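Colleague: Sharing a structure here in structure tokens format.
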Amino acid sequence: NKKESNKFKKYTNSAFAQKEKIVVLDMNLATKEDLIKIYGIGEAISLRILKQKEALGGFVSMEQMQDVWGLSSEVIENLNAHFKIMTLPEFKKIDINSASLKELSQFYYFRYALAKEIVTYRSMKGDFNKIEDLTKIKGFPVDKAKIIDLYLDFD
368 NKKESNKFKK YTNSAFAQKE KIVVLDMNLA TKEDLIKIYG IGEAISLRIL KQKEALGGFV
428 SMEQMQDVWG LSSEVIENLN AHFKIMTLPE FKKIDINSAS LKELSQFYYF RYALAKEIVT
488 YRSMKGDFNK IEDLTKIKGF PVDKAKIIDL YLDFD
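Residue numbers (this note's numbering): 368 to 522.
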């Protein structure tokens with residue numbers, strides 16, 4: 368009897384291991400069809416992810432999936448198992464020290480009120496040297512600082 372249960376265990380483990388073979392794709396090259404294959408993602412959410420990618424000029428971190436409205440933690444986990452950032456997108460970084468209020472307010476992670484705070488702070492205290500300088504501004508999304516930093520130029 369014990370011998371049979373061992374055989375059964377081995378069988379299920381090997382079958383499970385075969386199912387676990389996952390092909391990882393580049394999130395920045397993902398198509399609607401690639402995304403729909405993920406459990407929990409339908410047409411609407413796949414389009415939302417692609418729209419977000421377009422708005423950002425591309426993803427720099429899989430953490431950005433948390434910013435996509437309607438994605439549960441389970442779906443994000445499934446995405447992380449099947450996709451990663453393999454190529455960084457090519458986009459023009461925002462010069463935080465010379466960008467206008469309009470330019471800053473068009474950046475995905477800054478709303479008008481925050482962009483205005485940044486411009487005011489900059490005019491009173493001078494140029495920003497690093498992302499930590501921005502985190503002192505009221506309303507700055509500190510939890511997103513690492514990601515925001517990748518979109519900004521401090522030179």
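The C-beta atom is built at its ideal place from N, Cα and C for all residues, glycine as well. Treat the numbers as computed from the prediction; the structure is a model and nothing was measured.
(1) Can you list, in chain order, the residues of its chain whose CB lies under 8 Å from that of Ile403, leaving out five sequence neighbours each side?
(2) Take the Cβ of Val427 as the centre, count every other Cβ of all protein chains shown within 10 Å, and call the residue buried at 16 or more, exposed below.
(3) Comparing C-alpha positions only, which one of Arg415, Glu499, Leu446 sits nearest to Val509?
(4) Return the CA-CA distance between Asp434 and Tyr518, expressed in angstroms with no decimal places.
(5) Out of Leu501, Arg478, Asp393, which has the shortest C-alpha to C-alpha gap to Ile452?
(6) Can you give me the C-alpha to C-alpha distance between Arg315 and Glu484, rounded to a whole angstrom?
(7) Going by the DSSP bridge assignment, what does Phe450 pair with across the sheet?
(8) In three-state DSSP terms, what is Asp494?
(9) Does the stretch 452-461 come into contact with the stretch 489-497, if we say contact requires no fewer than three beta-carbon pairs (one atom in each stretch) closer than 8 Å?
(10) Only counting the same chain, and skipping five residues up and downstream in sequence, which positions put a Cβ closer than 7 Å to that of Ala397?
(11) Less than 7 Å between C-beta atoms, sequence neighbours within five positions excluded: which residues of the same chain meet that for Glu470?
(12) If we call anything under 7 Å between Cβ atoms a contact, is Leu446 one with Ile405?
(13) Is Tyr479 near Ile504, with beta carbons less than 7 Å apart?
(14) On the three-state DSSP scale, how would you describe Asp510?
(15) Which residue or residues does DSSP assign as beta-bridge partners of Ile461?
Modeller: With the given structure in hand:
(1) Gly409, Glu410, Ser413
(2) buried
(3) Glu499
(4) 16 Å
(5) Asp393
(6) Limits of the chain in this structure are 368 at one end and 522 at the other, which puts residue 315 out of reach.
(7) Leu392
(8) coil
(9) no
(10) Phe450
(11) Ile461
(12) yes
(13) no
(14) helix
(15) Leu519
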